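Residue numbers (the numbering used here): -12 to 570.
Report on the structure given below.
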Amino acid sequence: MKFLGRIFFIIGAAFWLTLSAGAEEAIKSFDVDIKVDLDGDFHITETITVSVEGNQINRGIFRDLPKYQEVEGENVPVRYDIELVKRNDKKEPYEISTVGNALRVRIGNANVYLPYQDHTYEVSYVVKDQLRRFDEFDEIYWNLTGNYWAFPIESATATISVPPGVRLMGHDIYTGAQGQSSSAARMTRLTNPYKIEATSKFAPREGMTVSLQFEKGVFWDTPNSTKRYLWWLRNGALALFSLTFAGISAFYLRAWNKVGRDPAKQPVFPHYEPPEGYSPAAASYIYYRGVRGHRALTATLMGLTTKNWLNIDAAKKKTVITPLDRKLSKKTKLAQSSEARLNLNPEEDYLFNRLFPSSRKSAITLQRQVNSHFNSSYTAFKSRLRAAYGLDYYKVNIGYIILGILLSITAIAIVISQISRMTSGWIWAMIGGLILFNVIFMFLMPAPTRKGQKIRAELQGFRLFMKTAEKQKLDAVDIHGDRPPPMTVERYEQLLPYAIALNVEEPWSRYFEKVMPVEAKEYQPHWGGSSRNYNSISSLTDSMVSNISSGVSSAAPQSSGSSGSGGGGFSGGGGGGGGGGGW
């Protein structure tokens, strides 16, 4: 007998475990009671009975309510006033939080686990101004259960009460998953209060939505506060952005008129000499209003070579810069004393001392690897140019530009925050227009000073002479009248660094070849290096500049609301909705 008792006990326990394992948590019934006021406010009580098996539901359930709904084509925030939460007819603690686009009401006590049985929850809340108003009818379009529950819903019913005198014109019911238009439900009472019940169970993430259409004349019109809010949603961002755009425009125009307007342009006449006191590097920086490629550096190196301070052997893959005074005899070195240094302009003297300090005796080689000493010297050289020929000659007015950009970013942030409430076409047109506006003024705001405008006009005239001398067939021997000084080898070499600085070395060299063909043919510059096999001086200088520029680059670090009526609705449409789960 004891043996049989054990057998029955084991079988019973196994049977009980099997039943427990097969138990499924579900919403046994979901009943919604909605009372609609004349002003369109909804008073809602949801009565939800769930079976608790300790799977997803341990301490309680949560109800997710949508934070936004579409009203007349606009996404309008929904205001919920939670009035009461109960479990099994007793008040239950709850917490409210935001999860994505949902307001989550989490019901239960973190320290209390629910017994495994059915529990009935009541959630009462008020939703302001949810009646939909159209020209021909007023409508209650409401997602009764929500379409995002984690559990199946075995039974769903709803009761909707409206004020006396409201006449029903038509109704539609939609069931199924989000977006479906099935109708597994029916109206069981067609008079006030209206009753609805589902005719089948709902799987997880399925629900029921109702559309009731009423004759106009009883419900109050849309409140003025709602009308103003909807107007603001449609037009507020545009109005605010337009005012901001006008303000930014006024700011830029005033700033441009104050500091960005260029001084009167000086007339440009051919000048046969560079402005007095300005080196080739200075000429390049002022003319291009900044460092243009490697021209200022290349021009300075060329100046040092023509003055016999450097030898440059420039090939396509390697450039070697050697200080000549370290290779000469004692007698020659004495000749290149401090008196000889007076022949160097400030930029040449600075660059030479940076490249070849007294502690350095070796040549500098530029090839396909980083040369930190050369790069640091070049960086310091550019910094010197900015300090000497920057603000005194050309003002970027960066402070005004930054302030304008910050104001524009603020305006764009306002627009982007309203993207979900505005048509995308004019949003991007506005943003694009403001960005273009900033780009235009980034070019307009920088302006030369009067001093900078004067020197640049002289440089333009000097560059014009070197560029067009060959085409104008200027006679280098005739120095009478308004004619350039006679061309000599010394003059060619003296102005060659300026030609490189201003990007006219090729026409300047052709001019030399044209007016002094014999001297040009016999010309053997020591700066040609390995490029001595040349057809003309112009091709030699062009190759030299190109190779030096390539060497400098190779030595640098490399970067690496619609209606639900007439069948136009769907399950999950309208106001309300959301879903829930257990915790």
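The beta-carbon is built from N, C-alpha and C at its ideal position, and this holds for glycine as well.
For clarity, every value in this text was computed on a predicted model and none was experimentally measured.
Restricting attention to K77, V92, N75, D76, the CA atom closest to the CA of I83 is found in V92. In the DSSP assignment, L353 falls within the beta strand (DSSP E) that extends over 351 to 353. Around V99, the same chain offers R46 as residues with beta carbons nearer than 7 angstroms, after the five sequence neighbours per side are excluded. Contact check for A185 against A172 passes: the beta carbons are separated by less than 7 angstroms. Bridge partners of K77 according to DSSP: R74. In this structure, DSSP gives Y479 a helical state, which the three-state scheme calls helix.
In this structure, V23 is the residue among Y112, L90, E141, V23 with its C-alpha nearest to the C-alpha of V153. Per DSSP, reduced to three states, the secondary structure at Y485 is helical.
In the displayed model, G247 falls within a helix according to three-state DSSP.
Ranked by Cα distance from L230, the options V402, A137, T287, P262 are led by V402. Distances from the alpha-carbon of G439 to those of G566, N358, I273, I299 put I273 closest. The C-beta separation of I48 from V114 comes to about 20 angstroms, leaving the pair out of contact by the 8 angstroms criterion. In the DSSP assignment, S111 falls outside any alpha helix (DSSP H) and within the unbroken beta strand (DSSP E) covering 105 to 114. Taking all protein chains shown into account, F138 has 16 or more neighbouring C-beta atoms within 10 Å of its C-beta and is therefore buried. Residue environment for K508: exposed (fewer than 16 other C-beta atoms within 10 angstroms of its C-beta). The DSSP-derived three-state label of H281 is coil. A straight line joining the alpha-carbon of V37 with that of W136 spans about 12 angstroms. The alpha-carbon separation between R437 and S537 amounts to approximately 36 angstroms. Approximately 16 angstroms separates the beta-carbon atoms of I399 and I427; this is outside 8 angstroms, ruling out the contact. When rounded, the separation of the alpha-carbon atoms in E79 and A233 is 55 angstroms. In the DSSP assignment, G439 falls within the alpha helix (DSSP H) that extends over 437 to 455. Apart from sequence neighbours up to five positions away, the residues of its chain that approach N332 with a beta-carbon distance below 6 angstroms are S266, ordered along the chain. If you check the CB distance, L353 and T309 do not come in under 7 angstroms. Taking the Cα positions, H258 is about 38 angstroms away from F424.
When C-beta atoms of the region 102 to 116 are compared with those of the region 176 to 195, fewer than three pairs fall below 8 angstroms, so the two segments do not count as touching. Per DSSP, N340 lies in no beta strand (DSSP E) segment; the continuous alpha helix (DSSP H) that holds it begins and ends at 333 to 342. The beta-carbon separation of M432 and W570, rounded to 58 angstroms, does not stay under the 8 angstroms limit for a contact.
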